[in-house]
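At position 206 of the sequence shown the residue is numbered 205 (numbering that gives the first Met the number 0), and the sequence of numbers has no breaks. I have placed the structure first, in the form of structure tokens, so that the comments after it can refer back to it.
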Amino acid sequence: MAVRGRLTSAVDAALDRSVVLGYGRVGPALRSRWWPADPPPASLAGKRVLVTGATSGIGAAAVEGLLELGAAVHLLGRNAEKVERCVQSTRQRFPGSEIVGEVCDVGDLDAVRSWTAGALERIGRLDGLLHNAGTMTEAREESPQGHEIGLAVHVLGPHLLTAGLREPLAASGAASVVWMSSGGMYGARLHADDADDIEFRHGEYDGVQAYARTKRMQVELAAVWADALAVDGVSVTSMHPGWSGTPGVLEHLPRFERLTRPLLRTAADAADTAVWLIATRPPSRPPHFWHDRAQRPTTFGWQRSGDDAAVERLVTYVEAVTGARL
Ligand SMILES: NC(=O)c1ccc[n+]([C@@H]2O[C@H](COP(=O)([O-])OP(=O)(O)OC[C@H]3O[C@@H](n4cnc5c(N)ncnc54)[C@H](OP(=O)(O)O)[C@@H]3O)[C@@H](O)[C@H]2O)c1
0 MAVRGRLTSA VDAALDRSVV LGYGRVGPAL RSRWWPADPP PASLAGKRVL
50 VTGATSGIGA AAVEGLLELG AAVHLLGRNA EKVERCVQST RQRFPGSEIV
100 GEVCDVGDLD AVRSWTAGAL ERIGRLDGLL HNAGTMTEAR EESPQGHEIG
150 LAVHVLGPHL LTAGLREPLA ASGAASVVWM SSGGMYGARL HADDADDIEF
200 RHGEYDGVQA YARTKRMQVE LAAVWADALA VDGVSVTSMH PGWSGTPGVL
250 EHLPRFERLT RPLLRTAADA ADTAVWLIAT RPPSRPPHFW HDRAQRPTTF
300 GWQRSGDDAA VERLVTYVEA VTGARL
């Protein structure tokens, strides 16, 4: 058994290091032979989960995974018509399930504030929150409050949403918050000084690099939230989904999608770990970063590990611009 455990760990780590195999369809195909058991059927019956970016790709797949386990699911998107379409078609596939449409642009801090205020009256208890909404732009774009769009959608909005939903999460007694980051975050670092242009205002804008850096921020911020919410019995983790040919990848990375198409995993496989984390709340060690049902390092061996001063600087900035303290 011990030899088998060492062997599967070695294969798992090799998949991770190879990137292409681990992130693509081969990753879950092999790992599912040894990864932790599926959540028991109906393990989310009586539980309520909110998924952002639920109208497409990985978010839509996560919604289905959560409904299959019996959860009541709130599908949050920014486009009212699209949300309504998704709610209707999901209801047809899951008759009898509680499916609630929510409209909010998570990159718009005012919209997040007013959506949360309304939701608090309707949602007394929240057992799961999946921060999945994601975007990537070629040129620098700003949110209604003037923040770089990736920073707003991946970091500031989810931070404000988590803070606003703290009470219903605590009321669950066993809630789980998951931040959907990206393997792209391995290519980005945070800095503790002015070299870290948090809003990407200086120099030539590189959309892929900005995306990767905000995905790194998600991982660092999630770990800080994990400490802050432990007192409420809320588990907070981040994860990366691997590579999946979703509408988002087709739109923003068409060349990547063309080159890797035969290797890409399904959206359900990309969403699997999020659903599993919410349903099983496995023990998690800092920095709480997961992929394919296992904790993963947040840096590869040759990279420098995290910089506490850089994280502190990020948290100070996020708290200042959102007005929400951890
Ligand atoms: N697919 C991959 O290989 C991959 C790899 C690494 C990480 N990820 C991460 O996985 C998550 C899901 O990505 P995906 O590939 O499924 O992309 P997708 O198909 O583009 O889905 C993204 C979802 O986020 C929503 N969204 C975007 N901006 C929003 C905003 N301001 N407010 C509310 N919702 C917003 C989109 O809504 P609309 O439909 O209205 O645009 C859509 O429902 C993202 O966080 C992404 O960074 C994906």
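Glycine is no exception: its CB is placed at the ideal position from the N, C-alpha and C atoms.
Taking 7 Å as the cut-off, the Cβ atoms of H239 and S180 count as close. E219 carries a helical assignment under DSSP once its states are collapsed to helix, strand and coil. C-alpha of I148 to C-alpha of G106: approximately 7 Å in a straight line.
In the structure shown, T315 falls within a helical segment according to DSSP collapsed to helix, strand and coil. About 13 Å separates the CB atoms of F288 and S234; that is not less than 8 Å, and the two are not in contact. Distance from the C-beta of S175 to the nearest heavy atom of ligand 1 is not below 6 Å.
For L75, the enclosing beta strand (DSSP E) has its first and last residue at A71 to G76. The straight-line gap separating the alpha-carbon atoms of L325 and T259 is approximately 39 Å. With a cut-off of 6 Å, the C-beta of W242 is classified as near ligand 1, since at least one heavy atom of the ligand falls inside that distance.
Between V274 and A61, the CB-CB gap stays under 7 Å. In the DSSP assignment, F288 falls outside any alpha helix (DSSP H) and lies within the beta strand (DSSP E) extending over F288 to H290. When the Cα atoms are used, W242 and G23 turn out to be separated by approximately 5 Å.
Of the residues A266, T315 and L276, the one whose Cα lies closest to the Cα of L68 is L276. Between the segment 36-46 and the segment 247-261, the count of Cβ pairs shorter than 8 Å is below three; the stretches do not touch. For the segment 254-297, the full-length beta strand (DSSP E) segments reaching 3 residues or more read 288-290 along the chain. Closer than 6 Å to some heavy atom of ligand 1: that does not describe the Cβ of S88.
With respect to the 7 Å criterion, V218 and L160 are not classified as neighbours on the basis of their beta carbons.
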